[in-house]
Amino acid sequence: MKITGPAWTFGNNVDTDQITPGHYMDLPIEEMSKHVFEPIAPEFVSDFKAGGIIVGGSNFGCGSSRETAPDALKFLGVAAIVAESFARIFFRNAIAIGLPVLVCPGIASAVSMGDELEVDFEAARVTNLSTKKQFQATPLHHIMVESLKKGGIMKMLADT
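Counting from 1 along the sequence shown, just add 63 to a position and that's the residue number in the numbering used here.
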């Protein structure tokens, strides 16, 4: 499973309150997603094109255990998230809904906004096509890769 797209870069400790601010939690996903990253990147929703890849630093998705954070990112068309590390609950929620995530040490400092990336989930490799540099990521368990291919755990289970 390979995904290619332009990078949107973020720093360390991007928390779920920054991804989906709490005062929008009661809105339907179509409305709530219009406010993704509003506190730290207010231009994100207007400038983001479906198929983009988010690159984060360490502890991406920390904070409250909001399922709305990965849900809203997937709704907007985020193709994948690659980060130095993830908050465990965010990582598991993303896999569960079929939003591809991958831990890749060293990636945050090696990618600039707009760089074209290729993320190979089966090889656990990220290639910055703009700079021709490759990075080894932490491999996902094969069941997680299968879940992502199917679009999430519920869709995978429905097929069994």
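Cβ coordinates follow ideal geometry from the N, Cα and C atoms, glycine included.
Sort out for me which residues DSSP pairs residue i with in a bridge.
| i | result |
| --- | --- |
| Ile-170 | In DSSP, Ile-170 forms no bridge with anything. |
| Asp-183 | Lys-65, Arg-188 |
| Leu-90 | According to DSSP, Leu-90 bridges with nothing at all. |
| Asp-196 | Sequence check: residue 196 is Lys here, not Asp. Note: Lys-196 sits in a beta bridge opposite Asn-191. |
| Thr-72 | Val-118 |
| Asp-78 | Cys-125 |
| Phe-149 | Phe-123 |
| Ala-143 | Ile-116 |
Identify which residue in the options has its Cα closest to the Cα of residue i.
| i | options | result |
| --- | --- | --- |
| Ile-66 | Gly-169, Leu-192, Ile-103, Asp-89 | Leu-192 |
| Glu-130 | Glu-181, Asp-80, Leu-203 | Asp-80 |
| Ala-70 | Leu-180, Leu-165, Gly-85 | Leu-180 |
| Gly-85 | Gly-68, Asp-110, Gly-126 | Gly-126 |
| Pro-168 | Met-64, Val-108, Lys-112, Gly-120 | Gly-120 |
| His-204 | Ala-186, Ser-175, Tyr-87 | Ala-186 |
| Phe-123 | Gly-215, Ala-157, Phe-184 | Ala-157 |
| Ala-113 | Ile-216, Gly-68, Pro-202 | Gly-68 |
| Pro-202 | Ser-175, Asp-89, Pro-163, Asp-222 | Pro-163 |
| Ser-128 | Gly-215, Arg-155, Phe-111 | Arg-155 |
What do you get for residue i, buried or exposed, if any count of 16 or more other CB atoms within 10 angstroms of its CB means buried?
| i | result |
| --- | --- |
| Met-207 | buried |
| Ile-103 | exposed |
| Leu-89 | It should be noted that the sequence gives Asp, not Leu, for residue 89. Exposed, because fewer than 16 other Cβ atoms sit within 10 Å of the Cβ of Asp-89. |
| Ala-221 | exposed |
| Asp-134 | buried |
| Ser-210 | buried |
Report, in whole angstroms, the separation of the C-beta atoms of residue i and residue j, which I expect to be a contact under 8 angstroms.
| i | j | result |
| --- | --- | --- |
| Ala-143 | Ile-116 | 5 angstroms |
| Lys-218 | Gly-161 | 7 angstroms |
| Val-99 | Phe-107 | 6 angstroms |
| Leu-165 | Phe-153 | At roughly 13 angstroms, the Cβ-Cβ gap does not stay under 8 angstroms, so Leu-165 and Phe-153 are not in contact. |
| Ala-159 | Ile-82 | Not really, about 16 angstroms apart at Cβ, beyond 8 angstroms. |
### Query
Are three or more beta carbon pairs between the region 142 to 162 and the region 90 to 101 nearer than 8 angstroms?
Because the criterion of three Cβ pairs below 8 angstroms is not met, the region 142 to 162 and the region 90 to 101 do not touch.
### Query
Do the region 183 to 202 and the region 126 to 139 meet, that is, are 3 or more Cβ pairs less than 8 angstroms apart?
Contact fails: fewer than three Cβ-Cβ distances are below 8 angstroms.
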